Structure formats: structure tokens, C-alpha cells
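Working notes, structure below.
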Amino acid sequence: MYSEEHKIYLKKRRKIRIWVRITQILILVIFLIGWQLLADYGLINTFIFSSPKKVWNTIMSLYHANNLFHHVWVTTYETLISFTLATLIGCFIATILWWNSFIARVADPYLTILNSLPKVALGPIIIIWGGAGIRSIIIMALLVSIIITIINVSQGFIATDPNKLKLMKSFHATKAQTFFKLILPNSYRTIIGALKINISMSLIGVIMGEFLVSKEGLGYLIIYGSQVFNLNLVISGIILLAILSACMYYIIFYIEKRLTK
Amino acid sequence: MRNILKIENLKKIYHTPREEILAVDNFSYTLQEGEFVSIVGPSGCGKSTILSILSDLMKPSDGTIEKEKDIKVGYMLQQDCLFDFRTILDNCLLGLEIEHELTEENKQYVIHLLETYGLKDFMYQYPENLSGGMRQRVALIRTLATKPDILLLDEPFSALDYQTRLAVSDDVYQILKKEKKSAIMVTHDLAEAISMSDKVIVLSARPSCIKKIYDIELTNRSNPIENRKTKEFPIYYDLIWKDIDFHV
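Protein chains in written order, with the numbering used here: chain H, 1 to 261; chain S, 1001 to 1248.
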């Protein structure tokens, strides 16, 4: 049984949590209503600024034309492929870098340069090499997400407590034993943290890729909308993208919570 | 008593880009079966280096270490180094797993050790649920699991608070005596060294060589806490204190 004071404490906490949520929803609602009112009273030009109703209608017409889920799906699918590849290849390369410190030292400046290079600058080359299709999009997304994965994961590997390494050595553990019994499980959280960054990075890469080459996907909707000056389509695309990225983030967040207790 | 470990003229040089450091020079000692030896000396004098060499973590620059055949060495560090993703039992089985010795019989032996030393109820828990003293006992059992004949203890209690430290050093002493293990302990705590050991080796400042070896003879020797109350204890303390060149 709790004391009265503790009950008040719990109640207060719950109250604050509810108020935060209510305020969050209110901001969204006020924003949408305000936007709509400004449009209705002609205070903003809906040709440039669109309006919630127009966005809704655009999304609905996409839906009725059976295009909505197709575009969302294409972007999702490309992101998942890049995400998976970046995670697997990134972790693999990080393992090599941990395994062989000579390779790690040699690779270090190259990784730093590749990491700081704005990958979008490589777009034109990627189109020429990879062709105007999904392959180029995935190469783009991989470039954006893989370097950061390698850097994060290998930093996690290196950060392992030297005393624990000493312990493994005192049992005469082989390098493989040290990796699988200590380094990998010990870097579990780091790797899951890297996944979280990776999913956003992959999505950024995919949208960048779609801007450049694609004929489908949310990035295509946005860039096509801007080319034909259909701002309704542009804003609809952005909103769908926001929803998609939030979904992906929360899925990873949920997985993280499940995996790390 | 048998001599189980013979160290002769051990020497270790550390190399850094700027200089080389002679850490240990001309260290010789013969360890007998069942003997508990402490190594004390000014900080940074290379005490831990000797243990690292004995446990194969590094190679000596010169000198020989003769082990009797089948003599196995176990190493216990200052930090408990328990893996927080393994249960207590799995932590204790780590060494056996690495050595591919994880038989049912060995596993039962580890469970028996955990039971004897009051940790059986925590067997399937994770290290985060254990106190510092319990964790250090788990670390000892992890070392004992591979059945070493000689234990090398590198300041095994210095991460613990004072009371836990007394209690755990008492525990460890009892465990080692009961399991009939020989031990070499590095410590900077003179009282701990005198109360636990049969012999205390005093090292000089770097490059460390042996300054003196004390045979600790106490009347009514029992456990470390009681040993501190013997009349010889303060005398040894004084002598050793004076031997160590202490520059603050």
C-alpha cells in the first residue's frame, strides 16, 4: 500500500504526462485549423501554400487512382533494402576493422573524408554508373548510411573495457572467442543505437536518390509536384514522408525497447 | 613442500616511442605448494607487471619461469569484470567455455562453488543485482572454475569499500585455503598483505627488484581479521613500512 504522499506524487506525474500529450495534439489541431482558415479567407495564396483540405483531397485522389500505397511502398521497400544492406555490410566492415588494427589505421582518414563528404554531390556519377533506376537509389542510400554505421559500430567495438579484454586474454581466448563472447554482445546497445540512426539515414538517401532518378516513390511525388508547380502534391508528399519516417522510427524504437529490456 | 613455480632473474622493459622503461629487474622467487605470498612496494614499481608475465599476458624481456608440469595459473583482476549480459552462472562458466572444458561435471563443480560461497540463489541473476563484495566473490569463482593451482591476485580488493574489503579478503582467504590453492597477491595495503600471507615480498622503487622477503610468523594464526590482532602484526607493519621508500 502506498502512502498518501506517494499517491499524490503519482497522480501529479500522470497529470503532467496527460497535459503534455494534450498540448501536443492541440498544437497540431490549431496549426491545421489556422492554416485552413487563412486559406478560406484568402489571406494566403493556396496555389503556393495549399491548404489542409487540398492536401487531403490530393492524398485521396492518389488513393483512388491506386497510386498512394504504391508510392509509399516503393519508398519503404527501397529504404528497407538499403537499411538491411548498410547494417550488414557496415557491421561486417566494422568487424574487420576491429580484427585488424593495421587495416583500421589505414582506413581511418578515408572513412573520415567519406563521412564528411556530402553524398548528394556523388548523385550525377551514381546515375551514370548505376543507371536511372532503383539500383542508383539504393547505392545512394547505402553511401549515406553505411559510413556512419561503420564508424559507430567500430567505435562501440573499440570502447570495450580493456580489463575485460585482459580477462579474456588471461583465459587464453582466441580472437574469435573474444569477438563472439565479449565484443559482440557487449556492443549490442551500440549496434541497436546505430540501427536507429541508420533507418533515418537510409530514408534520407532514398529520397535523395528518388529526387535524382526515380519514376515512383515519395521523393518522386515531391520532385514531380514541384516541376509541374503542383504544390498540393509537394506538400502531400512531404506529409506522407513525415508519417512514414515517424512509423519507421517508432518501429525501431519499439524493437530497441524489446531487445534491451 | 613441493616447489611449483620457479621464477628466475625476471626482467621486463617497456617500450614507448620516447623512451624505454626498465620496470622489473632481476626478480627471482620460488613458490611452494599452498603458499600465500604477497608482493608490496611503492606504487608504479611494476608489481602488476610481474603478475601479467606469470599469467602469460605479456612476455618477459629476460629470465625464466619454470612451472611444474600440469600447473595451471588463474588470474584475478582488480575489477570484477563481470559481463553484464551474462548471468552469474554463465559468468563463472566463461573460462571453461573458452578452454572447451564445459562438461557437466565441471558445471556441477561451479554450481557447488556458488553454493558453498552463498551465491546459489543469485545463480540466474545478472551482475547488476549484486553488491560489490558479492561480485568480487563471483569473480573469484570464475577464476577457480578452471581449477588453477596458482592464483594470481592483482589488487583484488582495492575497488571495494573498506568494510566490504575486510569481509571479502577474509572470504577469499578462506576459499583459497579450503580449496588448497597457492596464491601470489599484489597489493598496496600492508595490513592486508601481512594478515593474509605466509610471506611478503617487498619490492624497491622502479626498476623493481626484491628488497626483502619476510616470513610472516604469527602466534595463533587464524583468519585475516583475527591475524590483525596478533602481537607480531604491528611489528611487521612497522618493518615493512620502513622498507618501502615512500615519497609522497
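Ideal placement from N, C-alpha and C gives every residue a C-beta, glycine not left out.
In this text, all values refer to a predicted model and were calculated from it rather than measured experimentally.
| query | result |
| --- | --- |
| Buried versus exposed call for Leu1005/S [16 or more other C-beta atoms within 10 Å across all chains shown] | buried |
| Cβ neighbour criterion (16 or more within 10 Å) applied to Ser102/H | Correcting the residue type first, residue 102/H is Phe in the shown sequence and not Ser. Exposed is the call here. |
| Interface partners of Asp1056/S on chain H, CB under 9 Å | Lys169, Ser170 and His172 |
| C-alpha distance - Thr1187/S paired with Thr1103/S, whole-angstrom precision | 35 Å |
| Proximity test, Cβ basis, 8 Å: Leu231/H and chain S | no |
| Any C-beta of chain S under 8 Å from that of Lys175/H | no |
| Euclidean distance between Cα positions of Ala1191/S and Thr1016/S | 35 Å |
| Three-state class that DSSP yields for Met201/H in the structure shown | helix |
| Cβ-Cβ separation, Ser61/H to Gly205/H (assumed contact under 8 Å), whole Å | With 8 Å as the limit, Gly205/H and Ser61/H do not qualify as a contact, their Cβ atoms being about 29 Å apart. |
| Minimum Cβ-Cβ distance from Ile1053/S to chain H less than 8 Å | no |
| Closest by C-alpha distance to Ser1169/S, when choosing among Phe1085/S, Ser1195/S and Asn1106/S | Ser1195/S |
| Chain-order list of residues whose beta-carbon lies under 7 Å from that of Ile192/H (same chain, five-residue window excluded) | Glu256, Leu259 and Thr260 |
| For Tyr220/H, the nearest candidate out of Glu5/H, Arg13/H, Val72/H and Trp19/H (CA to CA) | Val72/H |
| Short CB-CB distance (under 8 Å) between Leu38/H and chain S | no |
| CA nearest to the CA of Cys1092/S, picked from Leu1114/S, Asp1062/S and Ala1205/S | Leu1114/S |
| Pairwise C-alpha distance: Leu1089/S and Tyr1029/S | 36 Å |
| Of the listed residues Gly131/H, Val228/H, Leu212/H and Leu182/H, nearest to Cys1081/S (C-alpha basis) | Leu182/H |
| Where Asn115/H meets chain S, residues with beta-carbon distance less than 9 Å | Chain S residues near Asn115/H: none, gap ~28 Å exceeds 9 Å. |
| Rounded straight-line distance, which links the Cα of Lys1211/S to that of Pro185/H | 45 Å |
| Buried/exposed call for Ile199/H, threshold 16 Cβ in 10 Å | buried |
| Close-in-space but distant-in-sequence residues of the same chain around Leu233/H (CB under 8 Å, 5 per side omitted) | Thr58, Leu221, Ile222, Tyr224 and Gly225 |
| Of the residues Trp56/H, Leu26/H and Phe179/H, the one placed nearest Leu240/H, counting alpha carbons only | Trp56/H |
| Under 8 Å by beta carbon: chain H residues contacting Glu1099/S | Phe171 and His172 |
| Which of helix, strand or coil DSSP assigns to Ala1023/S | strand |
| Near-chain S residues of the stretch 175–204 of chain H - C-beta to any C-beta below 8 Å | Gln177, Lys181, Leu182, Pro185, Asn186 and Tyr188 |
| Met60/H - DSSP class collapsed to helix/strand/coil | helix |
| According to DSSP, residues forming a beta bridge with Thr1064/S | Glu1008/S |
| C-beta contact flag for Leu1152/S and Tyr1075/S at 8 Å | yes |
| Residues sharing a beta bridge with Ile1013/S, DSSP | Leu1022/S |
| Distance CB(Val1040/S)-CB(Ser1055/S) smaller than 8 Å | no |
| Tyr1029/S - partner residues in DSSP beta bridges | Ile1007/S |
| CA nearest to the CA of Leu218/H, picked from Ile93/H, Thr190/H and Tyr77/H | Tyr77/H |
| Close beta carbons around Lys1011/S, own chain, < 8 Å, minus the five adjacent residues each side | Leu1022, Val1024, Asp1025, Asn1026, Phe1027, Pro1060, Ser1061, Asp1062 and Gly1063 |
| Closer than 8 Å to chain H by CB, Gly1046/S | no |
| Residue interval of the beta strand (DSSP E) (run including Lys941/S) | Missing from the structure shown is residue 941/S; chain S here goes from 1001 to 1248 and no further. |
| Phe157/H in three-state terms, based on DSSP | helix |
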